[in-house]
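J.: Could you have a look at this structure, given as structure tokens, before my questions?
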Amino acid sequence: MDEYRGGAPDTRDEGGLTTGEVARRLGVAPTTIRSWDSRYGLGPTAHTGGRHRRWTAADLARLERMCALTATGVPPAEAARVVRAETASGPPPRGGTATAPGPRAGERARSRAGSGLRLGDVRQECKGIARAALRLDAVALDGLLDDAIGEHGLVVAWTEVIMPTLQAVGRKWESSGERYVEVEHFLSWHVSGALRRHAPPVAADRPGATTVLACVPGENHTLPLEVLAAALAERGLPVRMFGGALPVESLVTAVRRTGPAVVGLWAQSRTTASRPLAQHVAALEWGVRGARRRPAVLTLGPGWAGQTVPGLPHPPGLAEAVAAVESAARG
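One point on numbering: in full-length UniProt numbering, the residue at position 327 of the sequence shown is 327, and numbering is uninterrupted.
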């Protein structure tokens with residue numbers, strides 16, 4: 001897994017990366033890499049190990065620059081012309097001594113490629129997903145999301161791959177005059193689809209074991225609840241998902257009709273988080289007389305920071321929320 005961390009590619013014992021590994025790093029389909037090779041001459045500079053072609057750090061830098069240009073709307077043919085020109089204009093040798101212009105060109109290309117989204121120190125998969133989202137490349141994005149969830153599982157994929165990328169996209173449009181809004185919507189939609197593809201069927205209801213998930217009134221950020229619902233379904237726990245901005249009366253009705261063990265209330269903003277609402281839901285009772293039960297209420301999301309409710313857990317992340325639900329539902 002370390003091969004997917006950090007920005008600089010490893011060269012491995014074979015002398016470079018395979019086309020598939022390059023595609024995952026860049027967030028493009030392998031067929032795109034091969035097309036850029038055959039059409040524009042942006043293939044690997046050397047063969048290594050017989051017929052198998054391996055990509056070096058300098059090769060990868062050229063492709064990163066290609067991705068950065070096409071993500072801004074430059075046609076592929078023009079982007080390739082720019083990349084070839086930049087590569088050819090590397091600093092000349094000094095005093096007859098051979099220099100290594102490749103790393104300089106690679107350094108330049110990496111810095112420009114990274115200017116689209118500032119991701120920081122994250123898994124390499126984040127960068128591939130971000131590039132695919134910037135290009136609005138649906139096929140590549142779905143493939144990368146499926147690979148991340150399939151390899152790491154829902155919880156780790158969300159925490160270490162998907163969420164950092166979503167946060168980077170959010171920071172980008174907030175700092176750029178609300179540009180890139182389409183990228184955020186595009187990425188969120190495909191993440192939601194990936195969660196549905198990988199989540200198992202909803203488990204059958206078991207008395208006292210169901211979890212109700214809903215956004216508080218005025219809150220429409222449903223994606224974190226979607227991943228929590230998928231993670232709980234993965235563990236065989238019955239879930240009832242009510243999505244965004246559920247009115248108070250409807251939330252109360254849902255709790256009384258389902259008799260849940262847990263109610264998760266998501267608030268993205270402090271303006272939507274409501275301590276009285278959480279306390280009201282926690283006081284609801286269900287069941288027959290003499291055996292009344294109350295749900296465990298989880299206050300979920302950053303909106304509850306600084307106004308958590310005494311006695312009501314506030315899990316800081318997805319893994320903690322899953323553990324809290326499992327404890328209450330199975331306890």
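Using N, Cα and C, we set each Cβ at its ideal position, and we do this for glycine too.
Can you say whether Gly143 is buried or exposed, counting buried as having 16 or more other CB atoms within 10 angstroms of its CB?
T.: The residue in question, Gly143, is buried, as its Cβ has 16 or more Cβ neighbours within 10 Å.
J.: Report the rounded CA-to-CA distance for Ala324 versus Val227, giving the unit in angstroms.
T.: Those two C-alpha atoms are separated by around 15 Å.
J.: Using the Cα positions of Arg293 and Ala321, report the straight-line distance between them to the nearest angstrom.
T.: The alpha-carbon atoms of Arg293 and Ala321 are separated by roughly 21 Å.
J.: Quick check: the Cα distance between residue 339 and Ala282, rounded to an integer number of angstroms?
T.: Since the first and last residues shown for the chain are 1 and 331, residue 339 lies out of range.
J.: On the CB-based measure, 16 or more other CB atoms within 10 Å of its CB, does Trp189 come out buried or exposed?
T.: Classification of Trp189: exposed, given that the 10 Å Cβ count is below 16.
J.: Express the C-alpha separation of Arg171 and Tyr180 in angstroms, rounding to a whole number.
T.: Each residue's alpha carbon lies about 10 Å from the other.
J.: I need the boundaries of the alpha helix (DSSP H) containing Val22, first residue and last residue.
T.: Run containing Val22: 19-26, per the alpha helix (DSSP H) assignment.
J.: Between which two residues does the alpha helix (DSSP H) containing Arg330 stretch?
T.: Taken as a continuous stretch (DSSP letters only), the alpha helix (DSSP H) holding Arg330 covers 318-330.
J.: Who are the near neighbours of Ala132 in its chain, counting only those whose CB is closer than 8 Å to its CB and skipping five residues on each side?
T.: Cβ within range, chain order: Gly27, Val28, Ala140, Leu141, Leu144.
J.: Only counting the same chain, and skipping five residues up and downstream in sequence, which positions put a Cβ closer than 6 Å to that of Ala148?
T.: Around Ala148: Glu125, Ala157, Val161.
J.: Taking buried to mean at least 16 other C-beta atoms within 10 Å of its own C-beta, is Val169 buried or exposed?
T.: By the 10 Å Cβ count, Val169 comes out buried.
J.: Helix, strand or coil for Gly264 per DSSP?
T.: Residue state, collapsed to three classes: strand.
J.: Along the alpha helix (DSSP H) that carries Leu223, what are the first and last residues, could you check?
T.: Segment 223-234, the alpha helix (DSSP H) holding Leu223.
J.: Below 8 Å, can you find three or more Cβ-Cβ pairs linking the region 191-204 to the region 265-279?
T.: Flag = no, the region 191-204 and the region 265-279 do not touch.
J.: Could you tell me which residues DSSP pairs with Ala214 in its beta bridges?
T.: Beta-bridge pairing links Ala214 to Leu265.
J.: Compute the beta-carbon to beta-carbon distance between Pro164 and Arg206, rounded to the nearest angstrom, for a pair I have assumed lies under 8 Å.
T.: Actually they do not touch by this definition, with Cβ atoms about 35 Å apart.
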